[in-house]
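With the first letter of the sequence shown counted as 1, position 82 gets the number 95 in my numbering; the numbers rise by one all the way through.
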Amino acid sequence: MKPRIVIPTVAPEAYQALMNLEKYISTTSLTPVHKELIKIRASQINGCAYCINMHTIDGRKHGITEQKIYLLNAWREADVYTEEEKAILALTEQVTLISNHVSDEVYQNAANLFDEKYLAEIILLIITINSWNRLAITTGLRAV
Numbered sequence: 014m015k016p017r018i019v020i021p022t023v024a025p026e027a028y029q030a031l032m033n034l035e036k037y038i039s040t041t042s043l044t045p046v047h048k049e050l051i052k053i054r055a056s057q058i059n060g061c062a063y064c065i066n067m068h069t070i071d072g073r074k075h076g077i078t079e080q081k082i083y084l085l086n087a088w089r090e091a092d093v094y095t096e097e098e099k100a101i102l103a104l105t106e107q108v109t110l111i112s113n114h115v116s117d118e119v120y121q122n123a124a125n126l127f128d129e130k131y132l133a134e135i136i137l138l139i140i141t142i143n144s145w146n147r148l149a150i151t152t153g154l155r156a157v
């Protein structure tokens, strides 16, 4: 592949703004497992090999089992995820595929399971990983 633009070099202020959002995410009350499940699932949907590779490695470090990682594409049919994890995954999918909108049912299910601050943090993380996926894919970052 022909080399592509290097955003941190060409637009460092914009890249730093995205890094600041990432820094905020690191200070939230989201559990490490919730964070990595969101990052892996959004990255799978977006087809971002770079981020899938990074976040499956990180997920394992935070205790996500191989079984949960392998079954993530079929999480609805797998009994290994908690009710909270399933709500997070459903919201992650709908925010990532935003052109289909976020249904009231999926949103309300998450709102019933999490307080407003935690829900806001979930949504902000979904938005953040989608930004990273788009940056990595567009600029040609490669896994390994």
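For every residue, glycine included, the Cβ atom is placed at its ideal position computed from N, Cα and C.
Start and end residues, alpha helix (DSSP H) containing H47: Taken as a continuous stretch (DSSP letters only), the alpha helix (DSSP H) holding H47 covers P45 to N59.
Span separating the alpha-carbon of K15 from that of G153: Their backbone Cα atoms lie some 9 Å apart in a straight line.
Threshold first: 4 residues or longer. Then list the alpha helix (DSSP H) segments lying entirely within the region 49-115, N to C. With a minimum length of 4 residues, the continuous alpha helix (DSSP H) runs that stay inside the region 49-115 are 62-74, 79-83 and 96-109.
From H114 to S56, what does the alpha carbon distance come to, in whole angstroms? Our two residues, H114 and S56, have alpha carbons roughly 18 Å apart in a direct line.
Using a 10 Å radius around the Cβ and a threshold of 16 neighbouring Cβ atoms, would you call A123 buried or exposed? A123 counts as buried, since at least 16 other C-beta atoms from the protein chains shown sit within 10 angstroms of its C-beta.
Just to confirm my understanding: we take N100, look at its own chain, exclude 5 residues before and 5 after, and list those with CB closer than 7 Å. What are they? Asn is not the amino acid found at residue 100; the sequence shown has Ala there. Sequence-distant partners of A100 (beyond 5 residues in either direction) whose C-beta falls short of 7 Å from its own C-beta, in its chain, are N122, A123 and L126.
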